[in-house]
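In what follows, a structure is listed as structure tokens, so that the remarks can point back to it.
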Amino acid sequence: MSDPRRMTAAETSHERLPREDLLRGVDATRLELRGARVAVGGLPLLRERDGRLEQAVRVAAWAEPEHGAIVATLRDGETVVDRVEVVDGARALLFAPEPDAPRTYQLELTSRGGLHERVELTIAPQRRWEISLIHQSHLDIGYTDPQPLVLQHQLDYLDLALDHVEATDGWDEPARFRWNVEANLPLERWLASRPRRDRDALLRRVAQRRIEVCALPFTMHTEACSLDELARVVASVQRLRDRHGIEIVTAMQTDVPGATVGLLELLASAEVRYLSVAHNYAGRSVPHLHGGQELARPFWWKAPSGKRLLVWHADSPHGIAYMEGNLLGLADGYETALSLLPEYLLALATRGYPYDPALGTWITGIAPGTELTRAPQSHELLHLRVQSAFADNASPGLAPATVAREWNETWAWPRLRSAVNRDFFEVAEERLGDAIPTFEGDWTDWWADGIGSAARELGRGRRAQAGARTAQTLHAWADLLDAGERDPGPDPALAGWRGELSAAYEEMALFDEHTWGASNPWNDALEHVDAGALQWQWKASRAHGADERVGALLAGARARLAARVGTPRGAHAGILVVNPSGAERTDVVELLLLESRVPVTRDLAVVDVASGERVPCELEPQRHPDFRPRGQRLRFLARDVPAHGFARYAVVPDGAGVPKAADGDPAALDNGRVRAALNVVEGTLDSLRFDSAGELVDGGSAFGFNQWVHDRYGTADRLNHLSSRVVEGRPWMLGSREVARDGVLLARTSSALQERATIRLRAPGAASLEVTYRLLHGGDRLDILNVVDKTPLHAKESVFFAFPFAAAAPRFSWDVTGGVQAEDGPFVPGSARHMRAIREWVGIEDAGRDGAAGAASGRGAASGRGAAGGRGAASGRGAASGRGAASGRGAASGRGAAGGTRPRAIAWATREAPLVQLGTIHLPYAPFPPTVAPRDAGQAALFSWAMNNGWDTNFPAAQGGEATFAYAVAAAAGRGSAGATGGPAAGGPGAVGGAHDASAAPDLRALGAATAAGLSRPLVGVLGSPRAQDALPARGRLAAIDHPHVELVAIGPDPLGGDRLVAHLHSHATAPVEATVAFPDLPAAAVGIGDFLGRDRPLDAAARAGDGARVAIAPGELLTVTLDLDAGRTA
1 MSDPRRMTAA ETSHERLPRE DLLRGVDATR LELRGARVAV GGLPLLRERD GRLEQAVRVA
61 AWAEPEHGAI VATLRDGETV VDRVEVVDGA RALLFAPEPD APRTYQLELT SRGGLHERVE
121 LTIAPQRRWE ISLIHQSHLD IGYTDPQPLV LQHQLDYLDL ALDHVEATDG WDEPARFRWN
181 VEANLPLERW LASRPRRDRD ALLRRVAQRR IEVCALPFTM HTEACSLDEL ARVVASVQRL
241 RDRHGIEIVT AMQTDVPGAT VGLLELLASA EVRYLSVAHN YAGRSVPHLH GGQELARPFW
301 WKAPSGKRLL VWHADSPHGI AYMEGNLLGL ADGYETALSL LPEYLLALAT RGYPYDPALG
361 TWITGIAPGT ELTRAPQSHE LLHLRVQSAF ADNASPGLAP ATVAREWNET WAWPRLRSAV
421 NRDFFEVAEE RLGDAIPTFE GDWTDWWADG IGSAARELGR GRRAQAGART AQTLHAWADL
481 LDAGERDPGP DPALAGWRGE LSAAYEEMAL FDEHTWGASN PWNDALEHVD AGALQWQWKA
541 SRAHGADERV GALLAGARAR LAARVGTPRG AHAGILVVNP SGAERTDVVE LLLLESRVPV
601 TRDLAVVDVA SGERVPCELE PQRHPDFRPR GQRLRFLARD VPAHGFARYA VVPDGAGVPK
661 AADGDPAALD NGRVRAALNV VEGTLDSLRF DSAGELVDGG SAFGFNQWVH DRYGTADRLN
721 HLSSRVVEGR PWMLGSREVA RDGVLLARTS SALQERATIR LRAPGAASLE VTYRLLHGGD
781 RLDILNVVDK TPLHAKESVF FAFPFAAAAP RFSWDVTGGV QAEDGPFVPG SARHMRAIRE
841 WVGIEDAGRD GAAGAASGRG AASGRGAAGG RGAASGRGAA SGRGAASGRG AASGRGAAGG
901 TRPRAIAWAT REAPLVQLGT IHLPYAPFPP TVAPRDAGQA ALFSWAMNNG WDTNFPAAQG
961 GEATFAYAVA AAAGRGSAGA TGGPAAGGPG AVGGAHDASA APDLRALGAA TAAGLSRPLV
1021 GVLGSPRAQD ALPARGRLAA IDHPHVELVA IGPDPLGGDR LVAHLHSHAT APVEATVAFP
1081 DLPAAAVGIG DFLGRDRPLD AAARAGDGAR VAIAPGELLT VTLDLDAGRT A
């Protein structure tokens, strides 16, 4: 009978090949003899005999059958030191006295087949290794089974671990079973579900250091987290300390090859001292090509604040990351470990990496032929992770402790210790001291591209992250307003927002946890690695759930504040506008005018209550009114709304009415400050010119501005880990590159509020693409909204939006979770450089522009698209759709046409899509070569990597349906020689995106943050209630901070769950600064300053500033200012 299981060879190379490499003999003398091969050499393996130490010599033989066993005799002159027989394919050990210097012996090899050879063999001293076996289970929430089942198993594993601890109490101390709780989320759930007797037993074992609890609840894509979300995650460490008395000093991060500087800052601030990471290259990471060979073990990772963690990193070249101990047989048994572990230790001492790169990228993470410069390990301490099986989510097992027990009974060195992380780190810190190097900067994640596999869900998660900041601030304000009233006073029915906020943050974090789905995500089984559909439904629901909770929180906060917004005399209704960002804003506000409060008519106007000025507005019918609240939608321009403040408006009757928008110029948008030239056929911009900063579009780039770029790749789909096994990615693997075309102008409207154009295009890989450009009158920001109806494809693909900026000498920087990273700033060696996962903005500093470039680099007839040297044949565009002389750029709008050398800053912001590539588009296969020459893309080109399905495991295999991608662009110029055509250097007070000073170097960080706020933290409009108590002034500020690089993240609950309210402050400054934070129109006063966990100290006289506080804050630091209502009443 046929047997399909035997029709192909099983894939076992991930375990078999590394072991075979070691078993060939590391640093061995290889003897090619008649019909036999022998590998001999000393090993770091010592035993004690008769009060002295003897060192092992490995003899491995491969012999023809006629030889039978080979007899190996070690002689010192004529004295036989030791003798052993070795059969074909086996290994045996000879022993000699431990030398204190290299010593030469004679090795005699004989066999019954007539073999008789004698060679000299030098035995050198070997290191005395001390090995900490770190037994753990790597938590993937999913991947191997549906998520609820995985989490339940992890609770069961704690029962098992506790049993194993008790069962080995009588063993020698180094061998006793110890367990490392990599992820504390299962532990928190275990402590909430087990009887007191079990809880007390586990906590007692934690105190005895038989079980170590680590600081993180699970491994995350930290670059996908907001800072406040990540702070909530790290806060679990303090909850466990406070509730259960657990001392926690170590964190573990597994699988994901990288982490943001924000994680470093938060862990160190939480008094975590040690970080054990295991970076799984998965064939999709090449740190060794980007400085990773310089990364010593261990090293200090230093934050911009000066705080630091001691880091030990395992990775694929050292043994498939967290499987390193399993490769060495430590979960198989003593005999297997004995054959492999000494060879591995010898390899660490003699090679840069222990395994031969010829094994292939999938095994070692290093392509064959790579130049290796890494130095061998310089010390004898080793942190070695091991699981009970070569699998994720493995159960605890006794095998590693059993190996350690038999090993230590047999050998003097190396010494094995069943250990917790802390045991190793404390010894390493003391023993290695000043020899431990220090590295700084972000540790950019090689797996971050995976989060682009689900753009819609990722966008919803990011919307929840931004909305949570606004929602809690509004609820905190409402709480303080309620608490300030003696009648009726605080409403207990409204206190539930705090719990909902915590639940929303938990949903966000579980979405940003690093496991996105099953091992085979394209399958639809009920369990195990093929439960792809079930696992993705669970995962996606975390993003949707977070967004829904935050949406409800925002709606509830608006309703609470509506009760404070009365109706001014003669008005239909009052409106409160809240600015949740840190810059003064002139921006659009949108809200629904309920027909019960405002008549459905155009005979309306919007008035600024403070000034009496009528402001530009638009009205639109409510969409789908049959099953949505009845009314009409109002948009209006709110001018100069204070940072972290509010302004009041009124909807009043007006016979003149709200004029309807008129048709605008179909070729351009112009608001008097910014001009954008439309290319309707391609849906892009031919020009984007700011009065304050000149031309922003690179006329010489091969790409259009905001152009849809669809790449297809030449690899098969739905083959597990295929992309990880590509030996070396080459540009030929780019199967095709196409762009959107055949655009049709759907609408071009002009009103007193805005200039707006919408274009529909045919986009490869999508059913449709609609692009909308908007300029607000009086504003200095271009808003872009791309709405795509994506066709789901399993074939390998990527979608980019191209933004070729014009800059003569660009210097890139961007915000990350916890800080700002510059392209030329420090990175941890080995960081990914072909892509970046940003938070919200990328900035380009341009030292000056060359005004002579003009016509030569413009898109005119000679170089336009569709001409011989343009984009014609390569991108499938003919002359009809190209940018020729009639519609392209000539000298007037080409690169550098504005002239001048004024320094300027350009800010680009994204709402949904955090992945970017700079200067070129890279192939998404290691080593990630460029697919377009930087000179053709433009040196300041930025590509938003909006969608991809490059992974062949874990991440969704296809994505489809409607998704949005919103972007914003702003610019500012400083002083310099003649340059742009006039206008304020950075938009001036009241400009959309905030006010910026004209100076020699524009404040890029402030510009980036303000530009991003226009997307992620829109002005909040609150329609007043007819039952409102009119208690708010016409304008005010909830908070005021006097330093531009210190941001108010949010005003919200005590991070550890107390009843207090705190203001969270974060510094983007490059050096320690002092800032005063005040609360002018908040009925509360500052009473304490604390860390991000809210562990505060009372304000002393030097730190008190009226009702606020003077705060000293380090770069990247997240602090809290505690607020008190009673102090606010008396301040």
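Numbering (full-length UniProt numbering), first residue to last: 1 to 1131.
Where is the CB? At the ideal position from N, CA and C, for every residue including glycine.
It should be emphasised that the depicted structure is a prediction, and the values quoted were computed from it without experimental measurement.
Within the model, the alpha-carbon separation for GLU20 versus VAL237 is close to 42 Å.
In the three-state reduction of the DSSP assignment, ASN421 falls in the helix class. Less than 8 Å divides the Cβ of LEU46 from the Cβ of ALA412.
Secondary structure in the segment 1010-1070: the beta strand (DSSP E) runs of 3 residues or longer, each lying completely within the stretch, are 1020-1023, 1035-1037, 1046-1053, 1061-1067 in chain order. Between PHE511 and VAL578, the C-beta spacing is not below 8 Å. The alpha-carbon of LEU719 is positioned some 25 Å away from that of ALA278. Runs of the alpha helix (DSSP H) lying entirely within the segment 898-948 and spanning at least 4 residues, in chain order: 934-937. A contact is defined here as three or more CB-CB pairs under 8 Å, and the segment 444-460 fails this definition with respect to the segment 321-336. The DSSP assignment places 381-386, 415-419 as complete runs of the beta strand (DSSP E) inside the segment 347-422, in order along the chain (cut-off: 3 residues). Bounds of the beta strand (DSSP E) holding TYR649 are 645-653. The segment 104-118 makes contact with the segment 53-71, as at least three CB pairs between them are under 8 Å. In this structure, LEU1119 lies near ASP1091, with their beta-carbon atoms less than 8 Å apart. DSSP links ASN786 through a beta bridge to VAL771, PHE965. If you draw a straight line from the Cα of ILE320 to the Cα of ARG712, it is about 30 Å long. Three or more beta-carbon pairs drawn from the segment 635-642 and the segment 579-592 are found closer than 8 Å, and the two stretches are therefore classed as touching. The beta-carbon separation of ALA693 and LEU685, rounded to 15 Å, does not stay under the 8 Å limit for a contact. Under the three-state reduction of DSSP output, ARG560 falls in the helix class. In the structure shown, TRP538 falls within a helical segment according to DSSP collapsed to helix, strand and coil. Of GLU48, ASP1081, GLU182, ASP442, the smallest CA-CA separation from ALA1031 is found for ASP1081.
For the pair PRO125 and GLN136, the Cα-to-Cα distance works out to about 33 Å. Take the alpha-carbon of ALA493 and the one of ASP482: they are about 12 Å apart.
In the three-state reduction of the DSSP assignment, THR73 falls in the strand class, which pools E and B. Excluding sequence positions up to five before and after THR260, its CB lies within less than 7 Å of the CB of THR222, GLU223, ASP442, VAL816, THR817, GLY818, all in the same chain and listed in chain order. With contact defined as three or more Cβ pairs closer than 8 Å, the segment 174-191 and the segment 152-161 are in contact. As the crow flies, the alpha-carbon of ALA1006 is around 55 Å from that of ARG128.
Remark: C-beta atoms of ASP603 and GLY655 approach each other more closely than 8 Å. Taking TYR967 as reference, the option from PRO257, ALA478, GLU840, ALA235 with the minimal CA-CA separation is GLU840.
According to the DSSP assignment, PRO1098 belongs to the beta strand (DSSP E) that extends over 1096-1098. Unbroken alpha helix (DSSP H) stretches of 4 residues or longer found wholly inside the segment 250-307: 261-269, given in chain order. Taking the CA atoms as reference points, SER813 sits about 47 Å from GLN208. Relative to THR370, the option among HIS288, LEU593, SER724, ARG630 whose CA is nearest is HIS288. DSSP places TRP179 in the uninterrupted beta strand (DSSP E) bounded by 179-181. Counting C-beta pairs closer than 8 Å gives fewer than three between the segment 239-246 and the segment 1069-1089, which falls short of the contact rule. DSSP assignment within the segment 114-188 yields the following whole beta strand (DSSP E) runs of 3 residues or more, N-terminal first: 116-123, 130-135, 179-181. Contact annotation, GLY1052 with ALA555: C-beta distance approximately 17 Å; criterion of less than 8 Å not satisfied.
Of all C-beta pairs linking the segment 93-103 to the segment 45-59, three or more are shorter than 8 Å, placing the two stretches in contact.
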